[in-house]
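Below: the structure, in C-alpha cells.
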Amino acid sequence: MPEEGHRFTCALITGASSGLGWEYATQLAPITNHLVLVARRGDKLQELQELLHTKHPNLEILCVGADLSDSAQREWVFTQLAEKNITPSLLVNNAGLGDYGEFTSSNWDKIEAMIEVNMTALTHLSHHFITGMITQGGGHILNVSSLASLLPIPDFAVYAATKAYVTSFGEALRTELREHNISVTTVCPGPVKTGFGDIASRSEEKRFESDFYKELDVPAEQVVRESIHALLNNRARIYPSWKVALLAAGISILPIVAIRSFNSLRFRKSTTLESTDE
Ligand SMILES: NC(=O)c1ccc[n+]([C@@H]2O[C@H](COP(=O)([O-])OP(=O)(O)OC[C@H]3O[C@@H](n4cnc5c(N)ncnc54)[C@H](OP(=O)(O)O)[C@@H]3O)[C@@H](O)[C@H]2O)c1
0 MPEEGHRFTC
10 ALITGASSGL
20 GWEYATQLAP
30 ITNHLVLVAR
40 RGDKLQELQE
50 LLHTKHPNLE
60 ILCVGADLSD
70 SAQREWVFTQ
80 LAEKNITPSL
90 LVNNAGLGDY
100 GEFTSSNWDK
110 IEAMIEVNMT
120 ALTHLSHHFI
130 TGMITQGGGH
140 ILNVSSLASL
150 LPIPDFAVYA
160 ATKAYVTSFG
170 EALRTELREH
180 NISVTTVCPG
190 PVKTGFGDIA
200 SRSEEKRFES
210 DFYKELDVPA
220 EQVVRESIHA
230 LLNNRARIYP
240 SWKVALLAAG
250 ISILPIVAIR
260 SFNSLRFRKS
270 TTLESTDE
C-alpha cells in the first residue's frame, strides 16, 4: 500500500482539462513518472501538458481526447494505451458533470451523458484497468464522488443518485480488491469553484453562489491535496475540509424520515410562493 514519499509509475486522470482534474495532474506531476490525461477538450489537455513539461521536463505525458460518455470512445482509449504498453498504477476517476433543476424538465441527452460519465465510464475504466493492476502486483483507484452522495437531493436528483453509486461502489470494491493489493479511496467534496457550476446550471441563476455554498466552498487545491494525502495513507473515504466532514457526519446519522421532512420543505416553499403569487 502507498505511503508518503511514494512515486506512481503511471497515473491516468479523467476530466483533466479543467477544475479538479487539472489540479490532480498538477499535484501528481512531481510524484509520478508518467501521466495520462483524458477529456474531450484536447486543446486544454495540450495546454496542461506544456505547462507541466516546463516544470517537470522528465515527466512523460500522454493526452487522450475522448468522450467518456461513449463506450466506443472508451474502448478507443484502452486501445491507445495498450498499443503503447501503458497500464496505470493509479486511476483517478474524476470526470463528471451535474444538472441542476427539476427532473421533469431536464434534457434527456444531458441526463444520459451524466449517467454514462459519472457511473458507467468510472465503472468501465475500473473494470478494464484492474486486470493490469493485478498483473503488476497492485495499484490504486481514486474515485471522485461528492458530499451529495450521502442524501437524496430534489432538483439534483440524478446527480446525487450517480454519486451515491460512486460512493457505494468504491466502498465495496475496496474490500474486494484488498487481496490484490489495490487500494480504493473515495473523495466526497462539498462545493468547489470549478467549471462544474456553470455546466450544472440550466440558466444564468446563481444557485452555486448562495451563502450556503460560499460557506462550505473549498479551494480545488485543498480538495486535491487532502485526497492525495488520503490516497497515500490508504483511507477509504475523505470529505475535504473540516466543515464538509462535520456536515457529512451530521447527515450520516440523520434518519431517512428527517431527511424526507427536510426535503419536503422545498415543496412547502414552492406552494407558499404559488399562493403568494395568486
Ligand atoms: N465542483 C464541485 O463543486 C464538485 C463537488 C463535488 C464533486 N465534484 C466532482 O468533481 C469531479 C470534477 O468536477 P469539477 O468540479 O472539476 O468540474 P469541471 O471543472 O466541470 O470538470 C469536469 C471535467 O470532466 C470532464 N468531462 C465531462 N464530461 C466528459 C465526457 N463526456 N468525456 C470526458 N470527460 C468529460 C471535463 O472535460 P471536457 O469538458 O474537456 O470533456 C472536465 O475536465 C466531478 O466528478 C464532479 O462531480 C465537483
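Residues 0 to 277 (numbering that gives the first Met the number 0) make up the sequence shown, in order. Just so it is clear, CB atoms sit at the ideal spot from N, CA and C, and this is done for glycine as well.
**OP:** Compare the C-alpha of glycine 97 against each of Leu89, Asn106, Leu90 and name the closest.
**Re:** Taking the first residue of the sequence shown as 1, we reach residue 97 at position 98. Glycine 97 has its Cα closest to that of Asn106, out of Leu89, Asn106, Leu90.
Subject >> Short Cβ contact (8 angstroms threshold) for threonine 8 with histidine 33 >> reply: Counted from its first residue, the sequence shown places residue 8 at position 9. Counted from its first residue, the sequence shown places residue 33 at position 34. For the pair threonine 8 and histidine 33, the CB atoms are nearer than the 8 angstroms cut-off.
Subject >> For glutamate 277, the three-state DSSP class (helix, strand or coil) >> reply: The count along the sequence shown starts at 1 and reaches residue 277 at position 278. Unreliable positioning characterises glutamate 277 in this predicted model, as indicated by a pLDDT of 33, which lies under 50. The coordinate reading is nonetheless provided below. The answer is coil: DSSP assigns glutamate 277 none of H, G, I, E or B.
**OP:** Identify which residue in Gly20, Leu47, Gly64 has its Cα closest to the Cα of asparagine 92.
**Re:** Taking the sequence shown and counting its residues from 1, one reaches residue 92 at position 93. Nearest neighbour of asparagine 92 by Cα position, chosen from Gly20, Leu47, Gly64, turns out to be Gly20.
**OP:** On a CA-only basis, which of Leu150, Phe195, Ser104, Ile140 is nearest glycine 169? Give me that one, please.
**Re:** To locate residue 169, count along the sequence shown from 1; it is residue 170. It is Ile140.
Original post:
For lysine 162, which residues from the same chain have a beta carbon less than 6 angstroms from its beta carbon, with the 5 sequence-adjacent residues on both sides left out?
Top reply: Numbered from its first residue, the sequence shown carries residue 162 at position 163. Excluding positions up to five away in sequence, the list reads Ser144, Ser145, Ala147, Ser148.
Subject >> For valine 217, three-class secondary structure by DSSP >> reply: If you number the sequence shown from 1, residue 217 lands on position 218. Three-state DSSP puts valine 217 in coil, outside helix and strand.
Subject >> Separation of leucine 245 from isoleucine 279, as counted between CA atoms >> reply: Outside the displayed span of the chain (0 to 277) sits residue 279, for which this structure offers no information.
Original post:
ligand 1 heavy atoms versus the CB of asparagine 106: any closer than 7 angstroms?
Top reply: On the sequence shown, residue 106 is found 107 positions in, with the first residue counted as 1. Flag unset: Cβ of asparagine 106 not near ligand 1.
Subject >> Rounded straight-line distance, which links the Cα of tyrosine 164 to that of serine 260 >> reply: The count along the sequence shown starts at 1 and reaches residue 260 at position 261. The count along the sequence shown starts at 1 and reaches residue 164 at position 165. If you take the alpha carbons of serine 260 and tyrosine 164, they lie about 23 angstroms apart.
Original post:
In whole angstroms, what separates the C-alpha of glutamine 71 from that of aspartate 210?
Top reply: Position 72 of the sequence shown, counting from 1, holds the residue named residue 71. Position 211 of the sequence shown, counting from 1, holds the residue named residue 210. This sequence places alanine at residue 71; glutamine is not what is there. Going from the Cα of alanine 71 to the Cα of aspartate 210 covers about 42 angstroms.
Subject >> Minimum C-alpha distance to alanine 94 - residue among Met113, Ile237, Ala81, Ala229 >> reply: Here residue 94 corresponds to residue number 95 of the sequence shown, with the count starting at 1. Among Met113, Ile237, Ala81, Ala229, the Cα nearest to that of alanine 94 is on Met113.
**OP:** Could you pull out every residue in the same chain whose Cβ sits closer than 7 angstroms to the Cβ of histidine 127, ignoring the five residues on either side in sequence?
**Re:** Within the sequence shown, residue 127 is the residue found at index 128, counting from 1. Answer for histidine 127: Phe77, listed in chain order.
Original post:
Can you tell me where the alpha helix (DSSP H) with serine 182 in it begins and where it stops?
Top reply: Numbered from its first residue, the sequence shown carries residue 182 at position 183. Unbroken run through serine 182 is the beta strand (DSSP E), 181–186; no alpha helix (DSSP H).
Subject >> Residue from Val183, Ser200, Gly137, Ala235 whose Cα sits closest to the Cα of aspartate 154 >> reply: Here residue 154 refers to the residue found at position 155 of the sequence shown. Just measuring C-alpha positions, the residue of Val183, Ser200, Gly137, Ala235 sitting nearest aspartate 154 is Ser200.
Subject >> heavy atom of ligand 1 below 7 angstroms from valine 143 C-beta >> reply: As a working note, residue 143 is residue 144 in the sequence shown. Taken from the Cβ of valine 143, at least one heavy atom of ligand 1 lies inside 7 angstroms.
**OP:** Please check the pair glycine 189 and valine 243, which I expect to be a contact at CB under 8 angstroms, by giving their CB distance rounded to whole angstroms.
**Re:** Locating residue 189 in the sequence shown gives position 190, counting from the first residue. Locating residue 243 in the sequence shown gives position 244, counting from the first residue. Indeed, because the Cβ distance is near 4 angstroms, the residues count as touching under 8 angstroms.
**OP:** Report the residue from Asn233, Leu230, Leu231, Phe195 whose alpha carbon sits nearest the alpha carbon of aspartate 216.
**Re:** Locating residue 216 in the sequence shown gives position 217, where the first residue counts as 1. If we check each option's Cα against that of aspartate 216, Phe195 comes out closest.
Subject >> Closer than 7 angstroms: glycine 136 CB and nearest ligand 1 heavy atom >> reply: To locate residue 136, count along the sequence shown from 1; it is residue 137. Of the heavy atoms belonging to ligand 1, none sits nearer than 7 angstroms to the Cβ of glycine 136.
Original post:
Any idea what DSSP makes of glutamate 101, helix, strand or coil?
Top reply: Locating residue 101 in the sequence shown gives position 102, counting from the first residue. The answer is coil: DSSP assigns glutamate 101 none of H, G, I, E or B.
Subject >> Where proline 239 falls, given that 16 or more other Cβ within 10 Å makes a residue buried >> reply: Along the sequence shown, one-based indexing puts residue 239 at 240. Classification of proline 239: buried, given that the 10 Å Cβ count is 16 or more.
Subject >> For glycine 138, the first and last residue of its enclosing beta strand (DSSP E) >> reply: Locating residue 138 in the sequence shown gives position 139, counting from the first residue. Where glycine 138 is concerned, the enclosing beta strand (DSSP E) starts and stops at 138–143.
Subject >> Whole-angstrom C-beta distance between alanine 229 and valine 186, which should lie under 8 angstroms >> reply: Numbered from its first residue, the sequence shown carries residue 186 at position 187. Numbered from its first residue, the sequence shown carries residue 229 at position 230. Right, their Cβ atoms sit about 7 angstroms apart.
**OP:** Just the C-alpha distance for lysine 43 and cysteine 62, rounded to the nearest angstrom, thanks.
**Re:** One-based indexing of the sequence shown puts residue 43 at position 44. One-based indexing of the sequence shown puts residue 62 at position 63. CA-to-CA, the gap between lysine 43 and cysteine 62 works out to about 10 angstroms.
Original post:
For serine 16, which of helix, strand or coil comes out of DSSP?
Top reply: Your numbering for residue 16 matches position 17 in the sequence shown. In the structure shown, serine 16 sits in coil (DSSP, three-state: anything other than H, G, I, E or B).
Original post:
Any heavy atom of ligand 1 within a distance shorter than 7 angstroms of the CB on aspartate 66?
Top reply: For the purposes of this step, residue 66 is taken as residue 67 along the sequence shown, with counting starting at 1. It does: the Cβ of aspartate 66 is within 7 angstroms (strictly closer) of some heavy atom of ligand 1.
Original post:
Closest by CA to glycine 64, which one among Leu27, Thr130, Trp75?
Top reply: Here residue 64 is taken as the residue at index 65 of the sequence shown, counted from 1. With respect to the C-alpha of glycine 64, the residue from Leu27, Thr130, Trp75 having the closest C-alpha is Trp75.
Original post:
Per DSSP, what kind of secondary structure is threonine 193 in: helix, strand or coil?
Top reply: Residue mapping note: residue 193 aligns to position 194 of the sequence shown, counting from 1. The answer is coil: DSSP assigns threonine 193 none of H, G, I, E or B.
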